[in-house]
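Working notes, beginning with the structure itself.
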Amino acid sequence: MKQLLIIEDDADLRNIISEFFHENDFKVLSSPDGIDGIKLAKEYKPDVIICDLLLPGVDGFKVKEILAEDKNTSTIPFIYLTGNKEITDMRHAMELGADDYIVKPIKVRDLLNLVLKRLERLHSFKSVKVSNLNDNGGKFIVKNGKQSLFVSFDDIKIISAEGYYSVVNLNNGKKVTIKKSLKNWLTILPNNKFYQVHRNSIINIEMIEKLDSGPKGNYIAKLKNYPELIFFSQRCSQKIRKDSILK
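Counting in our numbering, the sequence shown runs from 11 upward without gaps.
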């Protein structure tokens, strides 16, 4: 039985979500505030966490930040609940490594489907046996059993962190899942093409199709043939301006 932790100060909403997930074969833990929620997460290590953004005392951002620093809780799928539609909050959530960000009011059935999808995705990552990666002069070799795949650095569009794994999105639309951290990727990728734009992603800047500035001057990029917007951290935006990489 999968275990869910809900951190939500609205008692009615917390109870509705708890009862619905319990009826769908989840063991449910719940907390009305961030401090208690952090304690429960570290003690029980749930399979997924649903957390309100605006909490008394410690907000949802701080909850995620603290849990991300602990190797035992850093890879737990984390979904925010909030009534705030500000794009700055969305950017900050992504920088912290949140898996999803849902605006209230919510439908519990949709929330359940999202949680199941995240758990299925995490399971598929854990079952992947691709773990060997060797640099080969601008290319890398992914070995999966007896099969080998040669991939050029130029073919990489974006690398996204998924717990202890990374998902490499290629120009041809394919994805390769590798047991390798973003920190390790940065040691072999050419630094004139690849930037870690926030905690969760490295992008190939040559794949940028459109670049805009957000409310606080942080970059927001649209990559070629990639459905999601990429939100740059403040640090990365400042570094790119300083290096005059993007104009």
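Even for Gly, the Cβ is constructed at its ideal location relative to N, Cα and C. The model shown is predicted, which means the values in this text are computed figures rather than measured ones.
Proximity of residue i and residue j at Cβ, strictly below 8 Å
| i | j | result |
| --- | --- | --- |
| Thr83 | Leu64 | no |
| Asp62 | Ile26 | no |
| Ala51 | Ile60 | no |
| Tyr229 | Ser211 | no |
| Met217 | Leu233 | yes |
| Leu190 | Ser170 | Before going on, a small fix: residue 190 reads as Lys here, not Leu. Taking 8 Å as the Cβ cut-off, Lys190 and Ser170 do not qualify as a contacting pair. |
| Phe204 | Leu122 | no |
In DSSP terms, what residue i is bridged to
| i | result |
| --- | --- |
| Ile218 | Leu233 |
| Ser84 | BP columns for Ser84 are empty, so no partner. |
| Ile112 | Leu91 |
Range covered by the alpha helix (DSSP H) that runs through residue i
| i | result |
| --- | --- |
| Val73 | 70 to 78 |
| Leu63 | Careful: Leu63 lies outside any alpha helix (DSSP H) and carries neither H nor E. |
| Phe30 | 21 to 33 |
| Lys49 | 44 to 54 |
| Lys252 | 244 to 253 |
Straight-line Cα distance separating residue j from residue i
| i | j | result |
| --- | --- | --- |
| Asn142 | Pro66 | For Asn142, the predicted model reports a pLDDT of 45, less than 50, meaning its position is unreliable and no value from the coordinates is stated. |
| Lys114 | Gly44 | 19 Å |
| Val140 | Thr187 | Note that Val140 scores 41 on pLDDT, short of 50, meaning its location in the model is unreliable; the coordinates nonetheless yield the value given after this. If I take the Cα positions, the gap works out to 7 Å. |
| Lys149 | Phe160 | 7 Å |
| Asp22 | Val68 | 20 Å |
| Lys185 | Asp165 | 11 Å |
| Ile86 | Asp57 | 6 Å |
| Leu124 | Phe88 | 11 Å |
Terminal residues of the beta strand (DSSP E) in which residue i lies
| i | result |
| --- | --- |
| Ser40 | 36 to 41 |
| Lys12 | 12 to 17 |
> Enumerated in chain order, which unbroken segments of the alpha helix (DSSP H) with a length of 4 residues or greater are wholly contained in the segment 152 to 204?
Replying inline: 192 to 196
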